[in-house]
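Under the numbering used here, the final residue of the sequence shown carries the number 169; numbering is consecutive throughout.
Built from N, CA and C at the ideal position, the CB exists for glycine as well.
Just so it is clear, the structure is predicted and the values come from calculations on it, not from any experiment.
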Amino acid sequence: MDHLRPRHRRALLCCFMHSVRRRDYSQGAAKQVQSVTAQEALDHVSEAIKASVNLPDPRLDGSGKIALEITRQTKGYKKEDPETKHQKALPPSVYRHILRKVLSNLANSKSHLLCGAFFFSS
Numbered sequence: 048m049d050h051l052r053p054r055h056r057r058a059l060l061c062c063f064m065h066s067v068r069r070r071d072y073s074q075g076a077a078k079q080v081q082s083v084t085a086q087e088a089l090d091h092v093s094e095a096i097k098a099s100v101n102l103p104d105p106r107l108d109g110s111g112k113i114a115l116e117i118t119r120q121t122k123g124y125k126k127e128d129p130e131t132k133h134q135k136a137l138p139p140s141v142y143r144h145i146l147r148k149v150l151s152n153l154a155n156s157k158s159h160l161l162c163g164a165f166f167f168s169s
């Protein structure tokens, strides 16, 4: 990549990000990956290029910011991504039920850990 001009490097990175988005390197379901996954793959490849070839970050333009074409492509992917489906939290009665069924000190500790895990995982 060191023989390419910076804009050509960025064009290759955009093509790579698009192929990741289409799952060209994956097996399984035909769904496209989320924009975050494509962006992370691009970030990892850029870091590898910087480290191995000792070039400046290929994602950056002359002003040191992420290039406009990469920014626009990422924003377009984010617009196409399906909305996040939020899950409903457990009602307080579930936590009360767990804490009422305590028979020993050990069970009390376990029930508090369980309630904390339920609370912070949802």
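Residue i and residue j: beta carbons closer than 9 Å?
i    : j    : result
I145 : L60  : no
K97  : D104 : yes
K125 : S82  : yes
L137 : F166 : yes
Can you tell which of the options has the C-alpha that lies nearest to the C-alpha of residue i?
i    : options                   : result
S66  : H55, Q79 and R57          : Q79
F63  : L89, R52, R54 and Q74     : L89
R143 : E130, H159, K135 and D128 : H159
T84  : E94, R70 and G75          : R70
R147 : C162, Q134 and K135       : C162
R68  : S151, L153, G123 and A164 : G123
Using C-beta distances below 6 Å, list every residue in its chain close to residue i, excluding the 5 sequence neighbours before and after it, in chain order.
i    : result
Q86  : T121
E127 : none
Beta-carbon within less than 8 Å of residue i's beta-carbon, same chain only, minus the 5 sequence neighbours each way: which residues are those?
i    : result
S101 : One detail in the question is off: residue 101 reads as Asn in this sequence, not Ser. Hits under 8 Å: none found.
M48  : R56, L59, I96, V100, L102 and P105
S140 : none
L51  : L59
V92  : L60 and F63
V149 : N155 and S158
Using a Cβ-Cβ cut-off of 7 Å (strictly less than) and excluding sequence neighbours within five positions of residue i, which residues of its own chain qualify?
i    : result
A114 : R57, R106, L107 and D108
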